[in-house]
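Q: First, the structure itself, so that you have it in front of you.
In the UniProt record's numbering, the protein residues as written are 1 to 192.
Right under this line is the structure:
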């Protein structure tokens with residue numbers, strides 16, 4: 001094997017199931033030297049990132065934040081997953097737990113920040129109602145403010161992952177995140 005600084009893993013996120021991806025990621029990372037960086041592209045959803053970290057991926061390249069922002073979505077999931085009681089994680093009011101659609105009319109008069117206690121410029125200075133207005137009149141500032149928040153929030157997610165890894169609690173972190181996500185998906189599906 002050539003002496004390289006790290007390994008780029010491509011071809012993931014192209015239609016394989018979660019189970020298939022997990023098996024493929026593990027098969028590839030198991031044969032790579034642990035001391036070399038492992039870089040993957042196209043995996044950007046929080047669940048995909050957690051799956052990649054569990055398989056030993058070090059770096060991610062994704063357009064997730066860009067596409068999320070273009071759609072008018074804001075990340076809202078809790079970042080202190082280990083610090084909160086599991087039932088507190090389930091009280092998030094968004095319909096899919098990870099993001100909210102700020103185009104929606106329910107935010108027209110919502111004077112709260114995107115995420116309470118978020119320290120990003122957008123949350124410190126603007127409301128959901130203001131962002132809803134900007135998005136609905138197609139003002140370019142909406143995309144800028146939303147991308148500031150989404151980037152800040154996602155970087156916080158990666159900080160939480162690193163903290164969980166350093167505390168050797170990554171599996172607990174991943175389990176709580178995935179369980180919260182599963183509960184919200186189950187609640188969102190109407191049973192008839």
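Quick reminder that beta carbons are idealized off the backbone N, C-alpha and C, glycines included.
Is it buried or exposed, residue 87, if we count other Cβ atoms within 10 angstroms and call 16 or more buried?
A: Start at 1 with the first residue of the chain shown, and residue 87 comes out as number 87. Confidence is the limiting factor: at residue 87 the pLDDT is only 49, short of 50, which leaves the residue's position unreliable and the question unanswerable from this model.
Q: Skipping 5 residues on each side, what residues in its chain have a beta carbon closer than 8 Å to that of residue 7?
A: As a working note, residue 7 is residue 7 in the chain shown. Around residue 7: 32, 36, 37, 38 and 39.
Q: Quick one, are the C-beta atoms of residue 48 and residue 13 less than 8 Å apart?
A: Here residue 48 refers to the residue found at position 48 of the chain shown. Here residue 13 refers to the residue found at position 13 of the chain shown. In contact: residue 48 and residue 13 (Cβ atoms closer than 8 Å).
Q: Leaving out five residues before and five after residue 132 in sequence, what residues of the same chain have Cβ atoms less than 6 Å from its Cβ?
A: Your numbering for residue 132 matches position 132 in the chain shown. Taken in chain order, the residues that qualify are 102, 107 and 108.
Q: Buried or exposed, going by whether 16 or more other CB atoms sit within 10 Å of the CB of residue 111?
A: Position 111 of the chain shown, counting from 1, holds the residue named residue 111. Answer is exposed; the Cβ neighbour count stays below 16.
Q: Under 8 Å: do the region 134-142 and the region 57-65 share three or more Cβ pairs, one atom per stretch?
A: No, because fewer than three Cβ pairs between the region 134-142 and the region 57-65 fall closer than 8 Å, the two stretches do not touch.
Q: Under the three-state reduction of DSSP, which class applies to residue 191: helix, strand or coil?
A: Position 191 of the chain shown, counting from 1, holds the residue named residue 191. Below a pLDDT of 50, predicted positions are generally treated as unreliable, and residue 191, at 39, falls in that range; the measurement from the model is reported next regardless. In this structure, residue 191 counts as coil in the three-state DSSP scheme.
Q: Should residue 77 go down as buried or exposed, given a rule of 16 or more other Cβ atoms within 10 Å for buried?
A: Position 77 of the chain shown, counted from the first residue, corresponds to residue 77. Result: buried.
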